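Here's the structure, in structure tokens; my notes come after.
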Amino acid sequence: MAMPQNSTRENGFCFAQPLDFSCPSPHPGEAGRALGVASGREGCSTPLSNGMASSGAPSPSGSCAEPLCTPTPAQEETPLEEGIKYVSAEGEELACGWGGFTPACLQLCNTSKGVLFFLCVASFLQGMTVNGFINTVITSIERRFDLRSYQSGLIASSYDIAACVCLTFVSYFGGNGHKPRWLGWGVLVMGLGSLLFALPHFTTGQYEARSAAEVGVCGGNQSLPCSQAASSLSSYRFVFMLGQFLHGMGATPLYTLGVTYLDENVKTNYSPVYIAVFYTAAILGPAAGYLVGGMFLNIYTEIGREINIAPENTLWVGAWWIGFLGAGAASLLISIPILGYPQRLPGSQRYIVMRVSETHQLKDGSHKKALDPDFGKTVKDLPRSVLLLLKNPTFIFLCLAGATEATLIAGMSTFGPKFLESQFSLSASEAATFFGYLVVPAGGGGTFLGGFLVNKFKLRCSGIIKLCLLCTVSSLLAIFIFFIHCPNMPMAGVTQMYDGSALPGGHLNLTAACNAQCGCLQDTYSPVCGTDDIMYYSPCHAGCKRVSENLRSGKKVYQECSCVDKALLPDSGKAEAGKCTSSCAKKPLLLCFMFVVILFTFLSSIPALTATLRCVSDRQRSFALGIQWIVVRTLGGIPGPIAFGSMIDKSCLLWQDQCGEQGSCYVYQNSAMSRYTLVAGLVYKVLGTTFFIVACLLYKPPPLESAPGSSDASENGTSDLQEHKSSLPAEEDI
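Taking my numbering, the leading residue of the sequence shown gets 21, the next gets one more, and so forth.
Encoded structure:
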């Protein structure tokens, strides 16, 4: 018996006529005829090998050999699921190209793997720019343009504000429109935002760094009067905010329409793997941003100009703008192929026909409204769409669970490097690099592994939520590691007196008899480590009078330091620029359990996203992701860093003094920082566990139907739709 020919490689069938999926007839005897080809009333000769009439009513397995226009008695007795309509694909262009330009060579990329590649590149660039470069260069931007911390915070939050503003509009109308065009224009806007972010470097004058060889030693302090500290450069923050706003607008379609476009054009079993690969690229982006951005910061911002200060100097400003130029140009280029993809890939219609509905069943049956092909195409359906999602308790509690996880992720990504910097006495660049090495295997590996597990065990919605619950409980247990901490390195005048005794009443006192004649100021925090293994606020506070350079390490060495104990070593009385090295014995244990917390937190991300896609109707998937992103950003992404920051600030020992105003924190108390991190982590992890439990208990799957040609779907989610080999050609490559 002749098998149908697959003329579209792995993703499609060749039909003699376009399919006419008309409304099912109210008469059971006409159900089979409703699935005939357009010319089926006059006769046809091309059989369809798909044995599924619909996700709700599969036909007998033997029907694959019969033309659809000649229904069998069994088909005539099996009506389609009530309320389902199929839209004709007549006249739809499925070729890859731009307008009438659709060369044959481009059709090699017109597959799900081709789409996945370009979307991965786009998500990598987004993660590298927004979550990598921005976090890396924010200190340099503050220094270059005289910005305060709250002003740089507004720059960072502009991304989330733009996303929240655009999510409803983009997810609702883009979900029912041409998704690749929305995606392509979004990536293009994101690229323009990156170029705009780099613009202030070219519109301002050259950066003049005030430098002197003896600045910082005893009697050599110099500082600008407070009246001269402010400048008009701070108004450039509005340009940075606009650039971040464009970043947020451009990235909005990427994580809503991009996910649903992948989900619609691959088999249900493979969808979690594709989405996991997509999100893994988004997580590797920030790691690359930290590493590449750190390299650029070692280059002076005015390229080609000679300067006599080193990158360790607090006046140094690196080439923060190079990364944004490269990322912007790459985003503009990658938007071109994305704009060329069709509204749906060739052959994707059969995946829609094969899909088994796992939509949460509402008691009043209102979830069936979303099955109408015309639903959601006009603005008047927007309130009804929102109401349907609000009446879905599984969706609501998955959103709340995602918000708690997003709070932890946003808080840890912002303050994780600061935690490592304080606990292990690292420099800011070392801590950022260290944290990047920690996040890449834990975050990226956990994201991919989550999607792999869903595909491997063929979990259905109920089983997926249980997997999320298991991951959350595991990370909840691991977070108790924050009970332990590394002790603070001794610092004169901050953690102890200059003579080694305890501070009276915990009050700071940076002045002692050994530096009283130096006239030290607190304008510049430049810690040094004495040969007595005690840190000092600056070379001046250590009483150092001369400075030289260590030819081996390149660091400055301060000599004749009157506050450094000279009775210990022959070469004593000296201090080296930088913090003292910590030798904390608990460091491996703390890093190991931090790895576990990050791993299990990201391990639940893709399963939770997959459960969200499955518990709502197909036509509401893009809009549901948009609403979920609004909830996640509003309740998690935006307040997360603020909540963690306020908790960590309570552990500060030494604050910056900016002309009488409190600035950033210089030194934290490690024990208090660990304690507050533990409290914040426990609160959000317990909330996340509770939300996943409630979502699992309230989920009501559709009634299971067992029919010839389909396998039984078990309650624990161990089987998804298993099509028979006789029904469809083998297609097991991912």
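Even for Gly, the Cβ is constructed at its ideal location relative to N, Cα and C.
It should be emphasised that the depicted structure is a prediction, and the values quoted were computed from it without experimental measurement.
Put Phe121 into one of helix, strand or coil per three-state DSSP. Under the three-state reduction of DSSP, Phe121 is assigned to strand.
According to DSSP, is Gln264 helix, strand or coil? Three-state DSSP puts Gln264 in a helix.
Three-state secondary structure assigned by DSSP to Lys576: In the three-state DSSP reduction, Lys576 falls in the strand class (E or B).
Compare the Cα-Cα distances from Gln127 to each of Ala644, Trp649, Leu136 and Cys116 and report the closest residue. The alpha carbon of Gln127 has as its nearest neighbour, out of Ala644, Trp649, Leu136 and Cys116, the alpha carbon of Cys116.
For Trp649, which of helix, strand or coil comes out of DSSP? Of the three classes helix, strand and coil, the one that applies to Trp649 here is helix, per DSSP.
If you measure from the CB of Pro627, is any heavy atom of the ligand COA nearer than 7 Å? Although the ligand COA was asked about, the structure shown includes no ligands whatsoever.
Rounded to a whole number of angstroms, what is the C-alpha to C-alpha distance between Pro357 and Thr697? Distance between the alpha carbons of Pro357 and Thr697: 44 Å.
How close, in whole Å, do the beta carbons of Ser445 and Thr601 come, if the pair is a contact with beta carbons under 8 Å? That pair is a contact at about 6 Å.
In or out: Ser568 buried (at least 16 other Cβ within 10 Å) or exposed? That one is exposed.
Could you spell out where the beta strand (DSSP E) holding Ala595 opens and where it closes? Start and end: Ala595 to Ala597.
Using CA atoms only, rank isn't needed, just tell me which of Thr280, Gln542 and Gln146 is closest to Ser772. Because the chain is modelled from 21 through 754, residue 772 falls outside the range shown and cannot be assessed.
In this structure, how does DSSP classify Glu425 when only helix, strand and coil are distinguished? Looking at Glu425 - three-state DSSP - the assignment turns out to be helix.
Straight-line gap, Phe454 to Gly436 (C-alpha atoms, nearest Å): Taking the straight line joining both Cα atoms gives about 10 Å.
For Ile319, count neighbouring C-beta atoms within 10 Å of its own C-beta (all shown protein chains included) and say buried if the count is 16 or more, exposed if not. Answer is exposed; the Cβ neighbour count stays below 16.
Top-ranked residue by Cα proximity to Ala349, from Phe503, Ser214, Trp202 and Leu167: When only C-alpha atoms are compared, the closest one is Ser214.
Neighbourhood of Lys576 by C-beta, 7 Å cutoff - its chain only, sequence neighbours within 5 removed: Its chain contains Val567, Glu569 and Ala597 as the residues whose beta carbon lies nearer than 7 Å to that of Lys576, once the 5 sequence neighbours on both sides are disregarded; these appear in chain order.
Run through the DSSP bridge pairs and tell me what Cys672 is partnered with. DSSP lists Tyr688 as partners of Cys672.
Which residues in the same chain as Val286 place their Cβ atom closer than 6 Å to its Cβ, once the five residues preceding and following it in sequence are excluded? Sequence-distant Cβ neighbours of Val286 in its own chain, meaning closer than 6 Å and more than five residues away, are Ser132 and Tyr294.
Give the secondary structure of Asp283 by DSSP, where H, G and I count as helix, E and B as strand, and everything else as coil. DSSP places Asp283 within a helical segment (H, G or I) once states are collapsed to three.
So with Cβ pairs under 8 Å, would you call Leu208 a contact of chain B? The structure shown has no chain B; it contains just one protein chain.
Is Pro306 closer than 8 Å to Met148 when the C-beta atoms are compared? In this structure, Pro306 lies closer than 8 Å to Met148 by Cβ.
Exposed or buried, Trp118, counting other C-beta atoms within 10 Å across all chains shown (16 or more means buried)? It is exposed - the Cβ of Trp118 has fewer than 16 other Cβ atoms within 10 Å.
8 Å CB neighbourhood of Gly338 in its chain, flanking five on each side removed: For Gly338, where only same-chain residues beyond five positions count, the Cβ hits under 8 Å are Val157, Ser160, Phe316, Leu317, Asn318, Ile319, Tyr320, Thr321 and Pro331.
What beta strand (DSSP E) runs, 3 residues minimum, are completely inside the region 538–575? Counting only runs of at least 3 residues, the region 538–575 fully encloses the following beta strand (DSSP E) elements, listed from N- to C-terminal order: 548–550 and 566–569.
Going straight from the alpha carbon of Gly456 to that of Ala462, what length do you get? The C-alpha of Gly456 lies about 10 Å from the C-alpha of Ala462.
Since Glu284 contacts Ser405 with CB under 8 Å, what's their CB separation in whole angstroms? 18 Å between Cβ atoms; not a contact.
In three-state terms, what does DSSP make of Ala430? Residue state, collapsed to three classes: helix.
What does the Cβ neighbour count give for Glu441, buried or exposed, with the cut at 16 atoms within 10 Å? So Glu441 counts as buried.
Going straight from the alpha carbon of Leu277 to that of Gly195, what length do you get? When the Cα atoms are used, Leu277 and Gly195 turn out to be separated by approximately 6 Å.
Identify whether Gly348 lies in helix, strand or coil by the three-state DSSP scheme. Of the three classes helix, strand and coil, the one that applies to Gly348 here is helix, per DSSP.
Smallest Cα separation from Cys184: which of Leu282, Phe711 and His267? Of the candidates Leu282, Phe711 and His267, His267 places its Cα closest to the Cα of Cys184.
According to the Cβ coordinates, are Gly343 and Gly324 closer than 8 Å? Taking the C-beta atoms as reference points, Gly324 is found no nearer than 8 Å to Gly343.
Between Phe265, Gly466 and Phe615, which lies nearest to Leu458 when the distance is taken from Cα to Cα? Measuring from the Cα of Leu458, the nearest candidate turns out to be Phe615.
Element boundaries [alpha helix (DSSP H), containing Gly309]: Run containing Gly309: Ser291 to Leu317, per the alpha helix (DSSP H) assignment.
Classify Asp585 as helix, strand or coil using the three-state DSSP reduction. In the displayed model, Asp585 falls within coil according to three-state DSSP, outside both helix and strand.
Using beta-carbon positions only, say whether Tyr227 and Arg168 come within less than 8 Å of one another. Their beta carbons are not under 8 Å apart, which means Tyr227 does not touch Arg168 by this criterion.
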